[in-house]
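Protein chains: 2
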Amino acid sequence: MKRLKYVNLVKAREVLSSHLLSKMPETLVQRIKDLEEELEELKSQLKQTNGGQMESCPSPNEPTSSSKKGKKAVKERTFDFTAHPRRHVALRLAYLGWIYQGFAVQENTDNTVEARIFEALLKTRLIQDRQSSNYHRCGRTDKGVSAFSQVITIDLRSSQYGGGLGVTLPGDVGAKKKDAAAPELPYIKMLNRVLPRDIRILDWAPAAAGFSARFDCQSRTYRYYFPRGALNITLMADAAKKYEGTHDFRNLCKMDVGNGVLQFERTILSATVKPVHPERTADPYDVFIFELKGLAFLYHQVRCMMAVLLLIGQKLEAPDIIEKLLNVQNNPRKPQYSMAVDYPLVLHDCHFEGLSWRRESEERNYVLSALQQHWTQSAVRAHVLQGMIQGLEEATGELSSNRCWLVEGSRQRNYRPLLERPCCESLESRIEHFVKRGRLEREDGEDGRSEMVHKGKRSKHFHNSTNSPVEVSNPSPE
Amino acid sequence: MKRLKYVNLVKAREVLSSHLLSKMPETLVQRIKDLEEELEELKSQLKQTNGGQMESCPSPNEPTSSSKKGKKAVKERTFDFTAHPRRHVALRLAYLGWIYQGFAVQENTDNTVEARIFEALLKTRLIQDRQSSNYHRCGRTDKGVSAFSQVITIDLRSSQYGGGLGVTLPGDVGAKKKDAAAPELPYIKMLNRVLPRDIRILDWAPAAAGFSARFDCQSRTYRYYFPRGALNITLMADAAKKYEGTHDFRNLCKMDVGNGVLQFERTILSATVKPVHPERTADPYDVFIFELKGLAFLYHQVRCMMAVLLLIGQKLEAPDIIEKLLNVQNNPRKPQYSMAVDYPLVLHDCHFEGLSWRRESEERNYVLSALQQHWTQSAVRAHVLQGMIQGLEEATGELSSNRCWLVEGSRQRNYRPLLERPCCESLESRIEHFVKRGRLEREDGEDGRSEMVHKGKRSKHFHNSTNSPVEVSNPSPE
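Same order as they appear, the protein sequences are chains A and B. Counting from 1 along the first sequence, just add 317 to a position and that's the residue number in this note's numbering. Counting from 1 along the second sequence, just add 317 to a position and that's the residue number in this note's numbering.
Here it is as structure tokens:
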């Protein structure tokens, strides 16, 4: 019917342009009225469709209205932030990243964990805006990646007119002095009330001015969960040890030269493969953890390291492939391979010194309840599926070859060894590329060595208000 | 910007109507062109939004196009079913019911497993239409409930011009006799190619004419998966035994008098509670199965029985509550209580005699792969969540009270014993109600006893083309 209308429209137009003058203005006016009506119809349709879309697939845990409300509330009336103390604090948060496009805000999507956090901070009037909030994040997690212990530092509105660690008092506090004894604002409760259920603040800690979640982080621990299936766990556990130490990981990450990442040496403090349930044995449905502790990580580093471990566990590569990939003199170019999928990866811990975390135990119990409820669903579904698999195996009388489902892309029939595959561009040619495009420039560093300086805007996974223009050592973009 | 345009539009209109004649036609034509452009813009937006919607939330396993294609294909050309043999067969199928509104087709939704199955049967030309397909189903599973071994009987197009068990030959087979040796159509492959990935045909069996998945089913087995949490499993296992035998389950189901279900005696052959992993011990994250084998089940029967078991496992009710609820002389009216949630329930098996199932082992492997891939996701997510829970417990140094998440509705602070709660209407007053409304009528049965006869249309969970008008013994509507 729309289609039909449109055809008429075109006809009408021809008619008009051909014998224009012979037409009565009334006809034209009528035409305009018709068009206007059709416009209105389409507009209302457009409204409905957008509305319908939101109803038809809400982000499961996120109250779809929240963001709107948030912005609205901020507009409602101006809130005098200068009349309140500010406090520099660290917030420790957990989130399930499965439905998000990553932690860091991006230009090309609103669906990030950070976007939800700032909505909550604005809605609760704990900050005036992101720019003035002195915000730093510890780790940057990628699309689909979760975190149990992400840490951010930020200046929040405070009730401590009497001062305290990290507190900056407003100009005139005379009148307010009496509130000196008041307890601090219940940050955790305030934020968890307005955050989506899959993003939770766990603790907060007052922090000295200048303390940065990004630059004062001692180390970061990532976990990658995977089922045994047909994998040789012993091989993987031994091979994992080869990652430990300081190496050039350019063959085990996504080289991010375009964003000024030019230095690929990173230090892995420990790399282990351990079962979730130590008591269990040879069951292919046992689940294991590849746990990595390091000072800082490169983009996609853990998922590339896991992909190689999975090849070793499947006996498609010998364990010494790791030494070979870490030897960038012999293998300066990364062979093409698919990294491990995103959803089993968790930023499990960020280690800091000198922070005394404050917990709101009531809040802690709410968080536990939410996690247990969510766990019950996933665990029950997993067992329903396992019951079906076992039922089929019993029926056929043969165990199924539980292959590995954790690598992206399609699986080749005939395996091609990593070192026999085509390679990606070398670091040098990448640098050349960006220098030509004027996004990198050679400059003389203090020590006389020539250094690269990044120019121009950051790409999505590098959009970070706290970044220095030169991102030579990128703390944790996995 | 749209908004602005619209304002201009209104202005333009006023101007036009006020000094119409003074206007040059060119202005009007220009106006029309502008409006047409705006229309086009809105139309393309509308397209995008609709397109975007489909991309942004596809039914996870279902190729959104399939149903459309299916209908189209059927229209394309008329297919001469009378020229082909028909074969009466049983199909055994597994499905994950989590995203469906139940197995049986309903008037108020298209999102049922049966609807997808008939789309596939029509698309593959295995049937001409449902009405003529001689279709019977074994069990009816409710919204959110899965099945590992659902069975249906139906007449399908066949390649067996030479005849065979269940085969009806078309009028003139002379010319086709040569095909006598041809293998039967690959039913499983044909259907699984077009079915959503969460609905799979497992086997098929030729069946004698008149063999009915519904009336020839010997028994049905349901499984309900649940985690230990803080439940006392021993209490539950002992209590479950009390369900065994033939009892009146009117206090442990949803009484469906309006659909002519008037007889609530059912026979439970076995009721057990067993761990999924026998070797594990006191871990609150161990998962157990409440398994029920019975001849036939009432609407919501398993979920009501499970709800009572959960109360016993939480020590909110004594095990003898089961005898009390089964004693309909002393307790003729069902106390009000919430049943257990839907997603852990699986129609695990349907038992038949005299069927020799035929398997396509290649297909079987595809099904196994799909299940394993799905299992990997659920299991990994469950362990990510469990890792966070244990992380929080370690941090607080106290184990969390892993409460039971499997009962619908909110949880009261102070528990009110079942037998002290308000009761639902009695069977007699329900019958009275429907007799008054003319949906039930008293009639003299052959044996002289007065019987109820159901009148009028069936409710959603009773829409079933194969039902006799009187649904006195409803095979398995759980």
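Each residue gets a CB set at the ideal place from its N, CA and C atoms; glycine is no exception. All values reported here derive from a predicted model rather than from experimental measurement.
Taking a 10 Å sphere around the C-beta of A/Q618, we find 16 or more other C-beta atoms and assign the residue as buried.
Beta-bridge analysis with DSSP links A/D666 to A/T538. A distance below 7 Å between beta-carbons, with the five flanking residues on each side excluded, links A/S587 to the following residues of its chain, in chain order: E561 and K610. Taking a beta-carbon distance threshold of 9 Å, B/G419 does not count as an interface residue toward chain A. Chain order gives the chain B residues near A/R681 as L709 and T713, where near means a beta carbon separation below 7 Å. When the Cα atoms are used, A/L512 and A/V422 turn out to be separated by approximately 16 Å. Counting C-beta atoms within 10 angstroms of its own C-beta, B/D520 has 16 or more neighbours from the protein chains shown and is therefore classed as buried.
Counting along the chain, the unbroken alpha helix (DSSP H) around B/H700 starts and ends at S678 to T713. For B/H750, the three-state secondary structure derived from DSSP is helix. Under a criterion of Cβ atoms nearer than 7 Å, the residues of chain A adjacent to B/W692 are, in order, A699, L702, Q703 and I706. Between A/G456 and A/Q467 the beta-carbon gap is near 6 Å, inside 8 Å, which marks them as a contact. B/W521 carries a strand assignment under DSSP once its states are collapsed to helix, strand and coil. Listed by position along chain B, the residues whose Cβ is nearer than 9 Å to that of A/V663 are V701, G704 and M705.
Fully contained in the segment 534-599 of chain B are the following beta strand (DSSP E) runs of length 3 or more, in chain order: 536-544, 562-565 and 582-592. Distance from the CA of A/R403 to the CA of A/Q477, rounded to the nearest whole angstrom, comes to 8 Å. B/S449 counts as exposed, since fewer than 16 other C-beta atoms from the protein chains shown sit within 10 angstroms of its C-beta.
Nearest neighbour of B/N576 by Cα position, chosen from B/Y616, B/G630 and B/L685, turns out to be B/Y616.
Straight-line measurement puts the Cα of B/E640 at about 58 Å from the Cα of A/L672. Judged by DSSP secondary structure, A/E608 falls within the beta strand (DSSP E) whose first and last residues are V604 to G611. With respect to the C-alpha of B/V697, the residue from A/E436, A/T441 and A/S463 having the closest C-alpha is A/S463.
In the structure shown, B/Q467 adopts extended strand secondary structure according to DSSP, grouped into three states. When Cβ-Cβ separations below 9 Å define contact, B/P544 makes contact with chain A. Looking at the DSSP output, B/C740 bridges to B/P652. Within chain A, the residues placing a beta-carbon under 8 Å from that of B/L688 are L702, M705, I706 and L709, ordered along the chain. Between A/P734 and A/E634, the C-beta spacing is below 9 Å. Any Cβ of chain A closer than 9 Å to the Cβ of B/A554 would place that residue at the interface, and such an atom is absent. The Cβ-Cβ distance between A/L408 and A/L569 does not fall below 9 Å. Under the three-state reduction of DSSP output, B/T441 falls in the coil class, being neither helix nor strand. According to DSSP, residue pairing for A/R404 in a beta bridge involves A/L473 and A/V484.
When C-beta distances to chain B are compared with 9 Å, every residue of the segment 504-515 of chain A stays at or above that value. Here the alpha carbons of B/L664 and A/R620 stand approximately 38 Å from one another. If you draw a straight line from the Cα of B/N425 to the Cα of B/G419, it comes to about 12 Å. Each of A/E725, A/L685 and A/Q535 was checked against the Cα of A/V625, and the nearest Cα belongs to A/E725. Taking the Cα positions, B/C741 is about 16 Å away from B/L579. In the DSSP assignment, the residues bridged to A/L410 are A/Q467 and A/I518. For A/R756, not one C-beta of chain B is nearer than 9 Å to its own C-beta.
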